[in-house]
Amino acid sequence: MRNGKRRIVFKVGTSTLAHHTGRTNIRHMEELVKVLSDIHNSGVQVVLVSSGAIGMGAAKLGLQAKPVDTPSRQAAASVGQCELMFLYDKMFSDYGQIVAQMLITKADLENDTRRSNFTNAFEKLFQYNAIPIINENDSVAIEEIVFGDNDTLSAEVAKCIGADELVILSDIDGLYTKNPKNCDDACLISIVEDIDESIISIAGGTCGNLGTGGMATKVKAAQIAGEAGIDTIVMNSTPITNLYRYMDGENIGTRFKAHSQKKREG
Ligand code: ADP
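Numbering (the numbering used here), first residue to last: 13 to 278.
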């Protein structure tokens, strides 16, 4: 808590922001913006980590698929990031919000001076009541394009700015005992007290040969946040009103509990 204000990092993936065509899912984006604006109006310091730039850029450039070579991915990211922020600015403005784009690389958070510049800028943005929108600086960070993922980025940001919670919005209700897209008998795990080997294997696990392992980066993010005393909640972005239920204190999705000894004090 900062001056009695809860600080939450929300991470949203391409699956929420784009149609299967790659073009923007305007309805989803508008709904997300509306709910986050409301949460912000209720006195919460909102940070949004948003993916989607490369996909949107590729679609706008008329490319058949997401490019694979680095220069093309960087070009697509540059085009897509403009579209992404143009839409966020336009939509958040409708609800009287100020947004701020912050593009960062791993190196920005690893270097002491750069990290301190980053956190100082953040605190100022919160003083100005703005909503920072963060993405990896894909157009310059080769390494990030190849290895990076915004789940990990969101956890690093949450840690850096001392967030109270990290909320990862996905296309799935949370962490299941198996990948529910392939296994009918998968059950939702509502609370993870400790991220042990079994949780790691579930997240990266497969059912037959079909598993995608798409939860692995979310569990890794929860580990990073948890070590900093921050709980991580993975929940479905559909319907986006799930966020209201969460804010009202309902147990929703999967909560990865931070290690209690390290839990931040208010
Ligand atoms: P996003 O694009 O929202 O970041 P991902 O597609 O990367 O999400 O990851 C979510 C996907 O992970 C789910 O749709 C599901 O297919 C897959 N997955 C694999 N294992 C699990 C599991 N144990 N529990 C839930 N989802 C799983």
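Positions of the beta carbon are idealized from the N, C-alpha and C atoms, including for glycine. Please read these numbers as outputs of a predicted model, since none were measured by experiment.
Where residue i and residue j are concerned, what is the direct C-alpha to C-alpha distance, given to the nearest angstrom?
i	j	result
R19	E177	7 Å
R267	Y100	28 Å
V231	I211	8 Å
F130	I180	22 Å
A89	T164	19 Å
I201	G216	15 Å
T82	K17	41 Å
F159	R85	Here F159 scores only 45 on pLDDT, less than 50, and its place in the model should not be relied on; the value that follows carries that caveat. Their backbone Cα atoms lie some 13 Å apart in a straight line.
Y107	Y188	35 Å
S49	A170	19 Å
S54	Q113	22 Å
D183	F104	23 Å
T117	N15	29 Å
A175	S249	20 Å
L75	R35	11 Å
H40	T26	11 Å
F22	E168	12 Å
A77	M68	11 Å
N254	G226	21 Å
H31	V24	14 Å
K136	E42	26 Å
V58	T125	24 Å
L60	K102	15 Å
Grab me the residues of residue i's own chain with a C-beta within less than 6 Å of its C-beta, minus the 5 sequence neighbours each way, in chain order.
i	result
D161	T229
S151	Q86, A89, S90
Ordered along the chain, which non-local residues of its own chain (more than five positions away) have a Cβ less than 8 Å from that of residue i?
i	result
R127	D120, L121, C172
Tell me which same chain residues have a C-beta within less than 7 Å of the C-beta of residue i, skipping the five on either side of it?
i	result
I203	R267, K269
K72	V91, G92, E95
F134	P144, I173
Q273	Below a pLDDT of 50, predicted positions are generally treated as unreliable, and Q273, at 49, falls in that range; the measurement from the model is reported next regardless. Counting only Cβ-Cβ distances below 7 Å, and skipping sequence neighbours, we find nothing.
N279	Outside the displayed span of the chain (13 to 278) sits residue 279, for which this structure offers no information.
I207	V231, A234, Q235, G238, F268
A65	A89, G92, Q93, L96, N147, D150
D243	E177, R267, F268, K269, A270
Looking at residue i: is its Cβ nearer than 8 Å to the Cβ of residue j?
i	j	result
I214	K190	yes
G265	I252	no
S62	I145	yes
L44	T33	no
V47	Y258	no
H52	Q109	yes
M247	G186	yes
N141	L115	no
Could you tell me which residues DSSP pairs with residue i in its beta bridges?
i	result
E177	I20, D243
N147	L115
T58	For the record, residue 58 in the displayed sequence is Val; it is not Thr. V58 is bridged to I20.
T266	V246
I203	R267
A30	T36
S182	N248
Y188	L200
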